[in-house]
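Heads up: the structure comes next, in structure tokens.
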Amino acid sequence: MIAAHPVIQVTAFGLASGATFGLLALGLVLIYRTTGAMNFAHWAIGLLAVIAYLYLANEGVPVVLAMLLALMLSPIAGIAAYRYVFRKIPRSNHVVTILITIGVAQLFASLAAMVLGFKQFTRLPPWLPQGKVSFAGTELNTTDVVTIIVAVGIAAGFLAWFRFTRTGRALRAVAQNREAAMLAGIDDVRSATIAWGIGSALAALALLLVLPHVAGKQGGLITTFDVTPFGTLLIPAFGAALVGGLVNLPMALAGGFAFGLVRELLVLAPRPWSDMRSVAAAVLILVLLILRTERFFVTAQEREALEA
Amino acid sequence: MTQQAVEVMKPLELPAVVRRRLTGAELAGLAGLGAIALLPIPFGSFGFFVGQFALIYAILGLSVVVVTGYAGLVSLMTYSFAGIGAMVTGIAMASWGWPFWLALPLAAAATIPVSVIVGVTSVRLKGLYLAIATLTFADALGETFFKWDRATGGLSGWVVSRPHPFRSDASYYVLLLVVAMGLVWMVTGLRSSRVGRAMLAVRTNEREAQALGINVYKTKLTAFLISGALGGIGGSFLALLLKQVTRSAFQSPLVEATSILLVTVVVIGGIDRPLGAFLGAVALVVQQQVFQGARFFFAYFGIYSAALLVLFLLYRPGGLMQVVRLQWRLIQTRPRVGIISTALIIGLNVGLAWLFVRLS
Numbered sequence: 000m001i002a003a004h005p006v007i008q009v010t011a012f013g014l015a016s017g018a019t020f021g022l023l024a025l026g027l028v029l030i031y032r033t034t035g036a037m038n039f040a041h042w043a044i045g046l047l048a049v050i051a052y053l054y055l056a057n058e059g060v061p062v063v064l065a066m067l068l069a070l071m072l073s074p075i076a077g078i079a080a081y082r083y084v085f086r087k088i089p090r091s092n093h094v095v096t097i098l099i100t101i102g103v104a105q106l107f108a109s110l111a112a113m114v115l116g117f118k119q120f121t122r123l124p125p126w127l128p129q130g131k132v133s134f135a136g137t138e139l140n141t142t143d144v145v146t147i148i149v150a151v152g153i154a155a156g157f158l159a160w161f162r163f164t165r166t167g168r169a170l171r172a173v174a175q176n177r178e179a180a181m182l183a184g185i186d187d188v189r190s191a192t193i194a195w196g197i198g199s200a201l202a203a204l205a206l207l208l209v210l211p212h213v214a215g216k217q218g219g220l221i222t223t224f225d226v227t228p229f230g231t232l233l234i235p236a237f238g239a240a241l242v243g244g245l246v247n248l249p250m251a252l253a254g255g256f257a258f259g260l261v262r263e264l265l266v267l268a269p270r271p272w273s274d275m276r277s278v279a280a281a282v283l284i285l286v287l288l289i290l291r292t293e294r295f296f297v298t299a300q301e302r303e304a305l306e307a
Numbered sequence: 000m001t002q003q004a005v006e007v008m009k010p011l012e013l014p015a016v017v018r019r020r021l022t023g024a025e026l027a028g029l030a031g032l033g034a035i036a037l038l039p040i041p042f043g044s045f046g047f048f049v050g051q052f053a054l055i056y057a058i059l060g061l062s063v064v065v066v067t068g069y070a071g072l073v074s075l076m077t078y079s080f081a082g083i084g085a086m087v088t089g090i091a092m093a094s095w096g097w098p099f100w101l102a103l104p105l106a107a108a109a110t111i112p113v114s115v116i117v118g119v120t121s122v123r124l125k126g127l128y129l130a131i132a133t134l135t136f137a138d139a140l141g142e143t144f145f146k147w148d149r150a151t152g153g154l155s156g157w158v159v160s161r162p163h164p165f166r167s168d169a170s171y172y173v174l175l176l177v178v179a180m181g182l183v184w185m186v187t188g189l190r191s192s193r194v195g196r197a198m199l200a201v202r203t204n205e206r207e208a209q210a211l212g213i214n215v216y217k218t219k220l221t222a223f224l225i226s227g228a229l230g231g232i233g234g235s236f237l238a239l240l241l242k243q244v245t246r247s248a249f250q251s252p253l254v255e256a257t258s259i260l261l262v263t264v265v266v267i268g269g270i271d272r273p274l275g276a277f278l279g280a281v282a283l284v285v286q287q288q289v290f291q292g293a294r295f296f297f298a299y300f301g302i303y304s305a306a307l308l309v310l311f312l313l314y315r316p317g318g319l320m321q322v323v324r325l326q327w328r329l330i331q332t333r334p335r336v337g338i339i340s341t342a343l344i345i346g347l348n349v350g351l352a353w354l355f356v357r358l359s
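Keeping their order, the protein sequence lines are chains A and B.
With numbering that gives the first Met the number 0 applied, the first sequence corresponds to residues 0 to 307, in that order.
With numbering that gives the first Met the number 0 applied, the second sequence corresponds to residues 0 to 359, in that order.
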């Protein structure tokens with residue numbers, strides 16, 4: 000499997016999985032900054048979109064169309080969770096907020112498991128073209144390349160939207176100082192709804208990029224491990240978000256790529272180290288936590304607002 | 000609603016440590032507990048198995064009560080502590096030939112290194128960051144300790160047998176009942192002790208607690224040490240219940256799922272009440288085990304428990320303990336409404352359970 004240039008191949012693979020982490024982290028940071036809730040249900044919300052995609056594809060809808068439809072439906076779950084659950088919890092109540100996002104994660108993951116019928120694994124049809132492209136004397140999977148391009152494109156578009164449009168500016172204002180933003184006439188609930196909607200769509204996109212293509216030529220798989228509340232990729236996504244101190248969007252994306260590269264490049268390491276991918280991620284996350292990365296990205300006043 | 004959600008974190012009136020006679024409410028409660036404890040008898044060995052399982056979850060739930068209920072630190076690695084306890088019991092009994100009564104304290108002590116690391120981390124990390132850290136710890140333990148053949152006995156795990164007078168299901172059930180009730184009593188005592196009050200103060204407001212001269216560092220570390228030891232004890236008894244412990248249950252992402260179930264159990268019971276952990280385990284784990292045979296209903300268990308977690312957090316953050324207290328107050332102030340509504344609640348639940356058993 001490992002060809003003449005394993006490093007390039009593995010790097011491409013790492014960047015592709017990094018793109019997934021980055022997209023997940025973008026959604027996490029967006030929701031955390033605008034609503035103060037760290038969304039432990041992020042993976043589970045994305046999972047519902049994958050289920051919708053599987054259902055549509057099995058109904059005979061062309062796969063690309065099914066994927067776009069699933070992506071459009073995905074914000075429903077997140078917005079419903081916000082409207083009916085998270086909005087009722089005061090921002091200052093951290094313990095309850097964390098516990099309730101975990102409850103929602105479990106709820107959505109169990110729903111997904113029930114729809115899938117509790118099978119060991121379910122096949123997913125791929126929607127990206129399968130094939131090889133040659134690059135620098137080696138062959139890369141088209142799915143990896145497309146994943147990287149799509150993720151970077153979407154992320155760039157999203158960041159530009161966040162920076163330059165009126166709604167994006169409103170969201171940033173809410174993130175910086177909610178009370179002042181509300182006094183300036185920005186609708187707090189509307190901003191939070193938009194943040195939850197876009198965050199859910201980003202989670203859905205991340206999962207739709209990775210899950211239907213995990214098994215290469217055979218398409219994709221959902222295993223029993225994937226239908227657990229935090230899935231298999233949410234912990235590195237937290238790590239990626241921590242690179243940006245849970246508040247900085249571009250750094251979260253960069254963090255995603257860093258985590259993806261570390262995870263995949265470790266495969267090339269000698270034997271005892273190559274099995275340590277999760278441990279490496281865990282150590283990185285702990286270092287980031289101890290460094291308290293958020294102090295590099297926000298002012299003291301903003302930090303008080305987030306933590307209070 | 001939001002007001003009630005705040006209630007969990009409201010400064011509590013600290014219990015006065017005065018010896019007094021039991022009130023009528025407490026006597027009624029004790030009678031109720033006695034009735035619950037006798038429940039498995041008509042169902043034979045299956046009843047005892049379910050009862051044993053529920054009691055072990057009650058012990059593990061106490062671990063969540065101390066760390067999350069008292070100290071306000073969200074820990075998502077409770078079941079990892081249980082795994083350490085179970086594996087250490089396995090090594091000591093199956094590999095070294097130790098008797099159970101020596102393996103049990105070793106299992107509790109073996110959690111100390113991990114809880115010290117987490118405890119020290121928890122001093123620097125607040126709320127959300129700590130939740131992520133414990134999640135990461137659980138993940139990392141699953142990749143290292145629970146993949147280490149010499150500690151986990153390889154894929155087949157460790158085979159352990161119960162010590163002499165507790166080999167039968169009924170006697171092991173009685174043993175667990177005594178242990179669980181003893182631990183509930185101890186954790187209740189902890190609440191009104193100096194350390195427990197310090198934990199409640201840290202939970203309510205860390206800075207104010209510090210200003211009052213409470214050592215926040217020591218308090219959080221103690222919370223994690225007690226929580227870890229309780230988890231280790233629970234895991235040790237779990238190993239004896241299952242008679243064979245395998246490592247796959249303690250690896251990511253299954254271990255996180257069980258830790259979430261433990262949090263759910265405790266929230267449903269009443270997050271800062273030791274008796275709540277017991278009630279929650281009885282309410283939830285019994286259903287989980289009973290419907291395990293009925294695939295159709297078991298399919299809904301995940302959704303059901305998650306929905307309960309969300310609904311209780313939104314509307315009854317004090318859990319079943321709060322429901323009991325509210326109903327009791329209603330019975331005292333407006334006896335007719337109180338008794339009828341209590342009878343309706345109990346009747347609805349018993350009826351639903353009966354319907355489930357009939358249909359399955």
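Note that beta-carbon positions come from the ideal geometry of N, C-alpha and C, so glycine has one too.
Measuring CA to CA, which of G68/B, G269/B, L354/B and S235/B is closest to F52/B?
The sequence position of residue 52/B within the second sequence is 53, counting from 1. Out of G68/B, G269/B, L354/B and S235/B, S235/B has the C-alpha closest to the C-alpha of F52/B.
Enclosing alpha helix (DSSP H) for G219/A [first to last residue]:
The count along the first sequence starts at 1 and reaches residue 219/A at position 220. G219/A -> not in any alpha helix (DSSP H); beta strand (DSSP E) instead, spanning G219 to T222.
Let me know the secondary structure DSSP gives W126/A once reduced to three states.
Translated into the one-based positions of the first sequence, residue 126/A becomes position 127. It is coil, neither helix nor strand.
Start and end residues, beta strand (DSSP E) containing S62/B
Within the second sequence, numbered from 1, the residue matching residue 62/B stands at position 63. S62/B -> not in any beta strand (DSSP E); alpha helix (DSSP H) instead, spanning G43 to V63.
So is R357/B in contact with chain A if we call contact Cβ pairs under 8 Å?
For the purposes of this step, residue 357/B is identified with residue 358 of the second sequence, where counting begins at 1. Closer than 8 Å: no.
Chain-ordered residues of the stretch 97 to 111 of chain A with a beta carbon less than 9 Å from chain C
Among the protein chains of the structure shown, namely A and B, there is no chain C.
First and last residue of the uninterrupted beta strand (DSSP E) at S133/A
Position 134 of the first sequence, counting from 1, holds the residue named residue 133/A. From DSSP, the beta strand (DSSP E) with S133/A extends over K131 to F134.
Starting from T67/B, trace the beta strand (DSSP E) both ways and give me its first and last residue.
Reading the second sequence from its first residue, position 68 is the one you call residue 67/B. It is not in any beta strand (DSSP E) - T67/B carries neither H nor E in the DSSP assignment.
Buried versus exposed, by CB contacts within 10 Å (16 or more), T22/B:
Locating residue 22/B in the second sequence gives position 23, counting from the first residue. Here T22/B is exposed, its C-beta having fewer than 16 other C-beta atoms within 10 Å.
How many angstroms separate the CA atom of L307/B from the CA atom of V265/B?
Position 308 of the second sequence, counted from the first residue, corresponds to residue 307/B. Position 266 of the second sequence, counted from the first residue, corresponds to residue 265/B. Rounded to the nearest angstrom, the two C-alpha atoms are 11 Å apart.
Consult DSSP for Q243/B and reduce its assignment to one of helix, strand or coil.
Locating residue 243/B in the second sequence gives position 244, where the first residue counts as 1. Q243/B: strand per DSSP, three-state reduction.
Looking at G337/B: is its Cβ nearer than 8 Å to the Cβ of Q326/B?
Translated into positions along the second sequence, residue 337/B becomes position 338. Translated into positions along the second sequence, residue 326/B becomes position 327. Against a cut-off of 8 Å, the Cβ pair of Q326/B and G337/B comes out as a contact.
Return yes when the Cβ of A194/A is within less than 8 Å of the Cβ of T33/A, no when it is not.
Stepping through the first sequence from its first residue, residue 33/A is reached at position 34. Stepping through the first sequence from its first residue, residue 194/A is reached at position 195. Yes, the pair counts as a contact, with Cβ atoms nearer than the cut-off.
Using DSSP's beta-bridge definition, name the partner residues of N140/A.
On the first sequence, position 141 is the one that residue 140/A refers to. The partner list for N140/A (beta bridge, DSSP) reads K131/A.
Simplified DSSP assignment, three categories, for T227/A
For this step, residue 227/A is matched to residue 228 along the first sequence. In this structure, T227/A counts as coil in the three-state DSSP scheme.
Looking at chain B, is there any beta carbon in it that lies within less than 8 Å of the beta carbon of V209/A?
The count along the first sequence starts at 1 and reaches residue 209/A at position 210. Not one chain B Cβ lies under 8 Å of V209/A.
Starting from L277/A, find everything on chain B with Cβ-Cβ shorter than 8 Å and list it in chain order.
Residue numbering aside, residue 277/A sits at position 278 when the first sequence is read from its first letter. The amino acid at residue 277/A is misidentified as Leu; the sequence shows Ser. Neighbours of S277/A in chain B, taken as residues whose beta carbon is under 8 Å from its own, are D138, A139, G141, E142 and S251 in chain order.
Assuming the contact rule is C-beta atoms closer than 8 Å, V6/A and L265/A should be a hit. Round their C-beta distance to whole Å, please.
Translated into the one-based positions of the first sequence, residue 6/A becomes position 7. Translated into the one-based positions of the first sequence, residue 265/A becomes position 266. About 13 Å; that fails the 8 Å criterion.
Is any non-hydrogen atom of the ligand MN found closer than 7 Å to the C-beta of I99/A, if you look at the structure I gave you?
With respect to small molecules bound, the structure shown includes none, and the ligand MN cannot be examined in it.
Return the residue from the list L72/B, G141/B and A36/B that minimises the CA-CA distance to V122/B.
By 1-based counting over the second sequence, the position of residue 122/B is 123. If we check each option's Cα against that of V122/B, L72/B comes out closest.
List the whole-angstrom C-beta distance separating Y128/B from L288/A, where the pair is believed to meet the contact cut-off of C-beta under 8 Å.
Within the second sequence, residue 128/B is the residue found at index 129, counting from 1. Within the first sequence, residue 288/A is the residue found at index 289, counting from 1. Y128/B to L288/A, Cβ: 5 Å. Contact.
Please state if the CB of T222/A and the CB of F120/A are separated by a distance shorter than 8 Å.
Residue 120/A sits at position 121 when you count from the first residue of the first sequence. Residue 222/A sits at position 223 when you count from the first residue of the first sequence. Yes, these two residues count as a Cβ contact at 8 Å.
When the distance is taken between beta carbons, is V64/B closer than 8 Å to V186/B?
Your numbering for residue 186/B matches position 187 in the second sequence. Your numbering for residue 64/B matches position 65 in the second sequence. Contact flag set, yes.
State the beta-bridge partners of V201/B as determined by DSSP.
Translated into positions along the second sequence, residue 201/B becomes position 202. V201/B pairs with nothing; no bridge assigned.
Does the beta carbon of V5/B sit closer than 8 Å to a beta carbon anywhere in chain A?
For the purposes of this step, residue 5/B is taken as residue 6 along the second sequence, with counting starting at 1. The predicted position of V5/B is uncertain, since its pLDDT is 44 and thus under 50; a value taken from the coordinates is nonetheless stated next. Yes, its Cβ sits closer than 8 Å to a Cβ of chain A.
Which residues of the stretch 64 to 87 of chain A have a Cβ closer than 7 Å to any Cβ of chain B? Give them in chain order.
V84 and K87
Does the count of Cβ pairs from the stretch 228 to 247 of chain A and the stretch 14 to 21 of chain A closer than 8 Å reach three?
yes
Would a C-beta distance cut-off of 8 Å place G254/A and V297/A closer than the cut-off?
Position 255 of the first sequence holds residue 254/A. Position 298 of the first sequence holds residue 297/A. Not in contact: G254/A and V297/A (Cβ atoms no closer than 8 Å).
Using three-state DSSP, classify W157/B as helix, strand or coil.
If you number the second sequence from 1, residue 157/B lands on position 158. Looking at W157/B - three-state DSSP - the assignment turns out to be strand.
Counting only C-beta atoms, is V322/B closer than 8 Å to chain A at any point?
For the purposes of this step, residue 322/B is identified with residue 323 of the second sequence, where counting begins at 1. No, V322/B lies away from the interface with chain A (no Cβ there is under 8 Å from its Cβ).
Alpha carbon to alpha carbon, how far is F45/B from R166/B? Give it in angstroms, no decimals.
Stepping through the second sequence from its first residue, residue 166/B is reached at position 167. Stepping through the second sequence from its first residue, residue 45/B is reached at position 46. Approximately 15 Å between the Cα atoms of the pair.
What does the Cβ neighbour count give for L351/B, buried or exposed, with the cut at 16 atoms within 10 Å?
Along the second sequence, one-based indexing puts residue 351/B at 352. By the neighbour-count rule (16 or more Cβ atoms within 10 Å), L351/B is not buried but exposed.
With 16 as the cutoff for other CB atoms within 10 Å, does V286/A come out buried or exposed?
As a working note, residue 286/A is residue 287 in the first sequence. Residue environment analysis places V286/A among the exposed positions, since fewer than 16 neighbouring C-beta atoms fall within 10 angstroms of its C-beta.
Could you tell me the alpha carbon to alpha carbon distance between L182/B and G218/A, rounded to whole angstroms?
As a position in the second sequence, residue 182/B is number 183, starting the count at 1. As a position in the first sequence, residue 218/A is number 219, starting the count at 1. In a straight line, the C-alpha of L182/B is about 51 Å away from that of G218/A.
Whole-angstrom C-beta distance between L14/A and F256/A, which should lie under 8 Å
To locate residue 256/A, count along the first sequence from 1; it is residue 257. To locate residue 14/A, count along the first sequence from 1; it is residue 15. Contact between F256/A and L14/A holds: CB atoms are separated by about 6 Å, below the 8 Å threshold.
Does any residue of chain A have a CB that is nearer than 8 Å to the CB of P273/B?
Taking the second sequence and counting its residues from 1, one reaches residue 273/B at position 274. No - not a single Cβ of chain A is within 8 Å of the one on P273/B.
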